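In my numbering, the protein residues as written are 14 to 117. Note that the Cβ used here is the ideal one computed from N, Cα and C, for glycine as well. This structure is a prediction, so every number in the text was calculated from the model and none was measured. To start, the structure under review is shown below, and the notes come after it.
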Amino acid sequence: MKSTKLAKRPSSLGAATQNADPTPLLWHLVHLSDRILFISGVSAATVPLSYYLFCYYYRQTGKATCRQRNSDLIIILGSIFILMYLVNGALHYLARRRAQRANQ
14 MKSTKLAKRP SSLGAATQNA DPTPLLWHLV HLSDRILFIS GVSAATVPLS YYLFCYYYRQ
74 TGKATCRQRN SDLIIILGSI FILMYLVNGA LHYLARRRAQ RANQ
C-alpha cells in the first residue's frame, strides 16, 4: 500500500502569500462571491413568494398592499443579484487573467 501525504494548508493569509499561487486572496474573493451570488439568487426567487403568502394569508392584509410591498422586495433582491453577477464575473476574469500571467 502506498502512503499518501496530505498537502499542508496555510494557517493564515500571511502564510498563504508565500505559496506558489500568486493571488490566493483573489481566489478567496471569487469563492466568496460565488456563494453570495448563489444565496442572492435563491433568496430572490423564494423570499418574495413567501413574503406575499405571509402578508396575504397570515396577516390578512389587502392584495394591493401585499403586491406593492412585494414588488419593492423583488426590485431590491433583483438589484442585489444583478450586482453580484457583475462582481462575480469581474472577479473570475481577474483571477483567470492573473493565473495566466503567472504561468507565462
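{"Item": "Identify whether Met-97 lies in helix, strand or coil by the three-state DSSP scheme.", "Value": "helix"}
{"Item": "So the alpha helix (DSSP H) Tyr-70 belongs to, where does it begin and stop?", "Value": "Where Tyr-70 is concerned, there is no enclosing alpha helix (DSSP H), given that its DSSP letter is neither H nor E."}
{"Item": "For Gln-81, which of helix, strand or coil comes out of DSSP?", "Value": "helix"}
{"Item": "Whole angstroms are fine: how far does the CA of Leu-107 sit from the CA of Ala-28?", "Value": "Model confidence at Ala-28 stands at a pLDDT of 48, short of 50, so the residue's coordinates are unreliable and nothing is read from them."}
{"Item": "Where Ser-56 and Ile-93 are concerned, what is the direct C-alpha to C-alpha distance, given to the nearest angstrom?", "Value": "10 angstroms"}
{"Item": "Hey, is the region 42 to 54 in contact with the region 62 to 73, meaning 3+ C-beta pairs nearer than 8 angstroms?", "Value": "no"}
{"Item": "In terms of alpha-carbon separation, which member of Leu-90, Gly-91, Leu-66 lies closest to Arg-80?", "Value": "Leu-66"}
{"Item": "Specify the secondary structure class of Gln-113 as computed by DSSP and reduced to three states.", "Value": "helix"}
{"Item": "From Leu-45, Arg-110, Val-60, His-41, pick the residue whose C-alpha is nearest to that of Gly-86; which is it?", "Value": "Position check: residue 86 holds Leu in this sequence, whereas Gly was assumed. Selected option, being the one with the closest Cα: Val-60."}
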